[in-house]
Amino acid sequence: MKGLLAACLVLAAAGCASSGMSTAAAVDRSRETRPGGEFVVELSADGKVLGTASEIPLASVPAACIEGADRAAPGGVATSASKLVVGGKSYFMVVKAFRDRRVELMMNPDGTVAGKEDPLSPSEWPENVVAAARKAVPGGEIVAVEKVSGPEAMAGEAFHAKVRLDGELLRVSVSAKGDVVKVVRKMRAEVRVPR
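All residue numbers for the sequence shown refer to our numbering, where the first residue is 8 and numbers rise by one.
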């Protein structure tokens with residue numbers, strides 16, 4: 008969630024199951040975004056709201072979530088946080104920075120870990136995931152692969168391959184078997200909602 012001052016809009020290039028959050032609910036979620044923070048909304052190909060993420064101050068995250076993130080990923084420093092709605096359920100995302108990587112921990116409000124996005128070093132990238140990402144985005148450069156679990160893997164994906172093509176970043180969600188589950192395009196957008 009780092010690096011964008013404006014809102015970021017993620018459009019799904021392939022549909023997937025959703026709870027069908029209303030746009031009014033997405034507007035309510037956007038109001039939780041900290042001043043100057045990033046708001047993300049993920050849409051299906053037919054325009055359904057699949058989920059949202061509102062960047063929030065780290066101090067707004069329940070202590071149980073910070074403590075749970077520290078237990079799940081010891082060491083490192085919590086650097087940022089978001090409040091997410093995925094599949095109709097709310098979570099807190101705590102980002103922990105380590106010397107050589109950053110781990111995203113999706114936390115239930117009670118402080119238990121719901122899921123994780125853990126970056127892999129290039130030597131750890133599964134060959135079938137790399138092959139699937141290259142086939143899904145011909146000519147793109149794979150710049151990162153993350154192992155994912157929990158609600159982020161809701162549609163069956165186990166890995167996110169980040170692929171750069173023509174100046175933009177695409178996320179290819181791939182199952183452990185090497186099947187492409189979906190491809191999403193990240194883009195900057197300005198979102199205007201009533202205060």
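Glycine included, each C-beta is placed from N, C-alpha and C at the ideal position.
Self-check item: Span separating the alpha-carbon of residue 150 from that of residue 90
Solution: So the two alpha carbons sit approximately 26 Å from each other.
Exercise. Could you spell out the range, first to last residue, of the alpha helix (DSSP H) harbouring residue 7?
Key: The requested residue 7 does not occur in the structure, where the chain is confined to residues 8 to 202.
Self-check item: For residue 120 and residue 112, believed in contact at Cβ under 8 Å, the rounded distance
Solution: Yes, residue 112 and residue 120 are in contact; Cβ-Cβ is about 6 Å, under 8 Å.
Quiz item: Three-state secondary structure (DSSP) at residue 77?
Solution: Helix at residue 77.
Practice problem: Mind the definition here: the segment 80 to 97 touches the segment 56 to 70 only if three or more C-beta pairs lie below 8 Å; say whether that holds. | Solution: Judged by Cβ distances under 8 Å, the segment 80 to 97 makes contact with the segment 56 to 70, as three or more pairs qualify.
Quiz prompt | Proximity below 8 Å, CB of residue 28 to CB of residue 101 | solution = Contact flag unset, no.
Quiz item: Based on the DSSP secondary-structure assignment, which residues constitute the bridge partners of residue 210?
Solution: Missing from the structure shown is residue 210; the chain here goes from 8 to 202 and no further.
Exercise. Taking all protein chains shown into account, decide if residue 145 is buried (16 or more other Cβ within 10 angstroms of its Cβ) or exposed.
Key: Burial call: exposed.
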